[in-house]
C-alpha cells in the first residue's frame, strides 16, 4: 500500500436535485503527487474553502463526528453548500484505509468554493498520510509566544463576515505567527485578543490546569471549538478534573499550574515557556492525556 | 489563439545558487482548464502565497512595474523568497500575448510557498484572460456598505504577523464581505477599522473627491498601496486635482463630493450609495478617469 492516499469526491455537497431519488456518493482515488487542483479554484486564488484534520490512532478515526459537525458549521459560516456528510464519511474511510498502517496517521478534508466560472460546483478531497513523530514535543513541551490576533474578543458576535470560528483555507496569518514565533526562539504562538484575552494557538486550542480544574477560553471568542479539547474534557472528568470555559485574561497563562496547546495530530503539547519565561510542565497529566488521545477508539 | 492562457514558471524566485552563472528563466505554457496545482500546495491548504492582477488595456500591460514592486513587497511581508522579476516580466508578457485580443484583459500572477514537504520550492504562474464588461458599473456606479475590518488602524505597525498590507491568497474574508454586502442589497464593501477610520474596498482602494482634492486613506493603515489609485493621482494632477493621503473618519465617505472604489480590472467604480443612502456620482470625472485608465500606455 502507498504511504499517502488521495480521494476526490465527485459530489461533496447535498444536492437537492437528487435528494430522495438516490443521491450519488461517488469518489475516486487520485495520485497525490500529481496536480489535482485548477489554478482558478477559489481554494487557491482566494483561500475560499474549509478543512478538517482527523487523527487516526490505533487504526481508528478519532472524533470523526465532531470533526464532520465542525466541517458543516464552517461551511455554513462561509455560505458554502452543506457538505454531504455520508459522502465524506465514505471518502475519509477510503483514504484512511488505503495507506500503510502507521502508529499515528491523519486524514485531511478540504472543500473549496470550486473553480471560478464553473457554475458553483464545489471541490472536495480527503488526503491521508502518516503523522510526523511528536514524541519529543509531547514529552519536552513547547516554547510559545503570545501574539496579538488583532481582533477584539467579541468579534464573532459583532462582525460575522470576519469568519472567526470557521476553519478556513485562509491561514496565511496562522502560518505567519509560526515564523514570528521562530524569530523569537519559540515553536508556537498563543493568540491574544486586541483587548487582552487569551484565545487559541495557531492551529490548536489552549487548555490551562488551575488546581483541579481544566480551563479553556470560551467558544464565543471567535475561536475554533476544539474536538481534541472536548475529548480531553471528557477524559479529565473521569480522573476528577472539572472542565470549564471562561474569559481568561492574558496573565492566566503564566499563572496556571500547567498549560497545553491541544490539536488533532500533535495532541497535547505541554507549554514549557511563555514569552521566554519558563513555566511548569505537568509531565504525568500530559502523558495520561496523550495516551488517552493516541489510543482512543471511537 | 485561445481565450485564456496559463504560463507556469520553473524558477519564480531569485536563486542565489545560480546568480551570476546564467540564471534559468524558463517558463512553459500549460492548459488552464486542466489541474495544475498539488493538493499539498500551501497556496491551497493555507492560502499561503501572494498575487497581483495586472490590467491589459489597449494591448499594453498597465502599471506593470508598480505591480511587480508590490508583488515583491508582499513576498517580503510573508518571508517568501524574492520573486525573480525578470522571470515574471517574461512570463506575464508571454501569457498576455497568447490570448485573443480583447478590449480589456488581465494577467493574474500567483506565487505560493510551494508543495508541503518538497523542500521549499515555491509555485508560480501567470494566467491571462479577457476581463468582464464593467461598462455599466463604471457608468451607473455601485452601492456599498461599510463593514468593520476588525483591526485597529495601526495594526500594520503593532502586529506585522497579521500581514496587513500584503496581497495574500488568504482572501476568504474579502469574499465574505461581498456576500454580506449582497445580503444588504449592495455590490461591494468598504472596510472600516475597529476604531472608526476608512480603509479600503474588498479588492480595491477608496478615493474621495473633496473640492479640488482627491483623498485616499494613508498607506500606513494596513491597506494595500493601490497601483490604480496611484495612477489616478498622477492623472488628476494634470487636470488640477491635488492627491492627498489622510487618516479619514468614517463620516468622510458620506460627506465627500464624490467617491470611487478603484482597482486594476474594474478601474474606477463610482459609489452611488453608502449603507443604503444615495450619494452624488461625478459622472464627468469618472468617465475621464476610466478613459485614462483603459487607454493608458505604459
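Chains as they are written, first to last, in my numbering: chain G, 1 to 298; chain A, 299 to 596. Idealized CB from N, CA, C, for every residue including glycine.
The DSSP-derived three-state label of residue 45(G) is helix. Secondary structure of residue 67(G) (DSSP, three-state): helix.
Taking all protein chains in view, the Cβ of residue 251(G) is surrounded by fewer than 16 other Cβ atoms within 10 Å, so the residue is classified as exposed.
Contact annotation, residue 163(G) with residue 47(G): C-beta distance approximately 10 Å; criterion of less than 8 Å not satisfied. Relative to residue 210(G), the option among 285(G), 61(G), 104(G) and 50(G) whose CA is nearest is 285(G). For residue 170(G), the nearest CB of chain A lies under 8 Å from its own CB, placing it at the interface with that chain.
If you draw a straight line from the Cα of residue 418(A) to the Cα of residue 350(A), it is about 21 Å long. Taking the CA atoms as reference points, residue 445(A) sits about 15 Å from residue 521(A). Under the three-state reduction of DSSP output, residue 542(A) falls in the strand class.
The beta-carbon distance between residue 248(G) and residue 337(A), rounded to whole angstroms, is 37 Å. This is too long to meet the 8 Å contact definition. Neighbours of residue 127(G) in chain A, taken as residues at a C-beta separation under 7 Å, are given in chain order as 337. For residue 432(A), same chain residues with a beta-carbon under 6 Å away, outside a window of 5 residues either side, are 564 in chain order. Counting along the chain, residue 89(G) sits inside the alpha helix (DSSP H) bounded by residues 85 to 97. Here the alpha carbon of residue 330(A) sits roughly 37 Å from the alpha carbon of residue 102(G). In the DSSP assignment, residue 263(G) is bridged to 267(G). Residue pairing for residue 157(G): DSSP places it in no beta bridge. Counting C-beta atoms within 10 angstroms of its own C-beta, residue 481(A) has fewer than 16 neighbours from the protein chains shown and is therefore classed as exposed. Taking the beta carbon of residue 151(G) as reference, the chain A residues within 9 Å of it are 448, 449 and 492, listed in sequence order.
Neighbours of residue 64(G) in chain A, taken as residues at a C-beta separation under 7 Å, are lacking, since the least C-beta distance is about 20 Å. Counting along the chain, the unbroken beta strand (DSSP E) around residue 498(A) starts and ends at 496 to 499. When the beta-carbon positions are compared, residue 397(A) and residue 391(A) stay at least 8 Å from each other.
Residue range 581 to 593 is occupied by the alpha helix (DSSP H) that includes residue 590(A).
In this structure residue 278(G) is exposed. Its beta-carbon is surrounded by fewer than 16 other beta-carbon atoms within 10 angstroms.
In this structure residue 214(G) touches residue 241(G) by the C-beta definition: roughly 5 Å separates them, less than 8 Å.
With respect to residue 50(G), residue 87(G) sits apart: the two C-beta atoms are not nearer than 8 Å. Within the segment 359 to 393 of chain A, contact with chain G at the beta-carbon level (separation under 9 Å) is assigned to 375, 376 and 377. Bounds of any beta strand (DSSP E) do not take in residue 183(G); it lies within the alpha helix (DSSP H) bounded by 172 to 183.
Under a criterion of Cβ atoms nearer than 8 Å, the residues of chain G adjacent to residue 346(A) are, in order, 171, 172 and 175.
From the listed residues 220(G), 194(G), 225(G) and 196(G), the smallest Cα separation to residue 203(G) is found for 225(G). Here the alpha carbon of residue 580(A) sits roughly 10 Å from the alpha carbon of residue 586(A). The beta carbon of residue 570(A) sits closer than 8 Å to the beta carbons of 438, 439, 440, 441, 576, 577 and 579 from its chain, once the five residues preceding and following it are set aside; these are given in chain order. Ranking 342(A), 310(A) and 449(A) by CA distance to the CA of residue 387(A) puts 310(A) first. Residue nearest to residue 557(A) within the set 492(A), 458(A), 533(A) and 436(A) is 436(A) (criterion: CA-CA distance).
Assignment of beta-bridge partners to residue 528(A) by DSSP yields no partner. Excluding its 5 nearest sequence neighbours in each direction, residue 27(G) has C-beta neighbours in its own chain below 6 Å: 7, 9 and 91, listed in chain order.
In the DSSP assignment, residue 254(G) falls within the unbroken alpha helix (DSSP H) covering 251 to 255.
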